[in-house]
Amino acid sequence: MTRRKYEWQTTLAVIALTLLAQPVMAAPWADVGDRQLRMDVEILKSAGIIRGPVNSWPLPWAQIDNGIDSIGDVPLAPHVATALARVRALSDRARLTSSKQITVAATNRTQLVRDFGGGTREHFDALYHGEIDTGAFFVSYGAGYR
Numbered sequence: 282m283t284r285r286k287y288e289w290q291t292t293l294a295v296i297a298l299t300l301l302a303q304p305v306m307a308a309p310w311a312d313v314g315d316r317q318l319r320m321d322v323e324i325l326k327s328a329g330i331i332r333g334p335v336n337s338w339p340l341p342w343a344q345i346d347n348g349i350d351s352i353g354d355v356p357l358a359p360h361v362a363t364a365l366a367r368v369r370a371l372s373d374r375a376r377l378t379s380s381k382q383i384t385v386a387a388t389n390r391t392q393l394v395r396d397f398g399g400g401t402r403e404h405f406d407a408l409y410h411g412e413i414d415t416g417a418f419f420v421s422y423g424a425g426y427r
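Here is the structure:
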């Protein structure tokens, strides 16, 4: 009975921490696993907004910011304007100086084939990840359980 009680307390604690967690976004590099961001960067590159190579990820946010900050108020096609708005929102989040993330995932059917996008690798996955950016250096740390 006490083991079962402990399991429930642990489960409730993990759920509570998950609800309090904020996504990690404070990185000097654009996230490799964000497919929407990759597509938006390609759209902005094709429109001439982002300069330089964009085919080698991760991309530095400085390269992306240089393009999106220099665009001004020129008329853009609707799909380009939408992509620009999404990238600007992610860029603002990337300028944070610190962040923390707690991820918990569970499944009864683990994936046989996985990609970089995620998904649980075992029946239960838990991850704590944090980042600090002081300007002079960037620290990313984390711990996980499978």
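Position in the sequence shown (first residue = 1) + 281 = the working numbering.
Even glycine gets a Cβ: it sits at the ideal position worked out from N, Cα and C.
Since the structure is predicted, the reported quantities are computational estimates derived from the model, not experimental observations.
Beta strand (DSSP E) segment containing residue i, residue limits
i      : result
Ala328 : Looking at the DSSP string, Ala328 is not in any beta strand (DSSP E), and its letter there is neither H nor E.
Residue i versus residue j: straight-line alpha-carbon distance, rounded
i      : j      : result
Asn347 : Glu288 : 50 Å
Arg332 : Thr292 : 47 Å
Gly425 : Pro339 : 23 Å
Arg316 : Pro341 : 16 Å
Ile345 : Asp414 : 18 Å
Ala364 : Tyr422 : 30 Å
Asp312 : Val368 : 12 Å
Ser379 : Asn389 : 34 Å
Leu318 : Lys326 : 12 Å
Ala418 : Gly411 : Residue identity check: residue 418 is Phe in the sequence provided, not Ala. Cα-Cα distance, rounded: 14 Å.
Val420 : Ala387 : 28 Å
Host alpha helix (DSSP H) of residue i (start-end)
i      : result
Leu365 : 359–375
Asp346 : 342–350
Local conformation of residue i per DSSP, three classes
i      : result
Thr415 : coil
Thr384 : strand
Ala407 : strand
Val322 : helix
Trp310 : strand
* Asked: Does the pairing of the region 353–363 with the region 381–393 give three or more beta-carbon distances under 8 Å?
  -> Because the criterion of three Cβ pairs below 8 Å is not met, the region 353–363 and the region 381–393 do not touch.
* With a cut-off of 8 Å, do at least 3 Cβ pairs link the region 402–418 to the region 357–371? -> no
* Three or more beta-carbon pairs under 8 Å between the region 371–378 and the region 325–339, yes or no? -> By the C-beta criterion, the region 371–378 is judged not to be in contact with the region 325–339, since fewer than 3 inter-stretch pairs fall below 8 Å.
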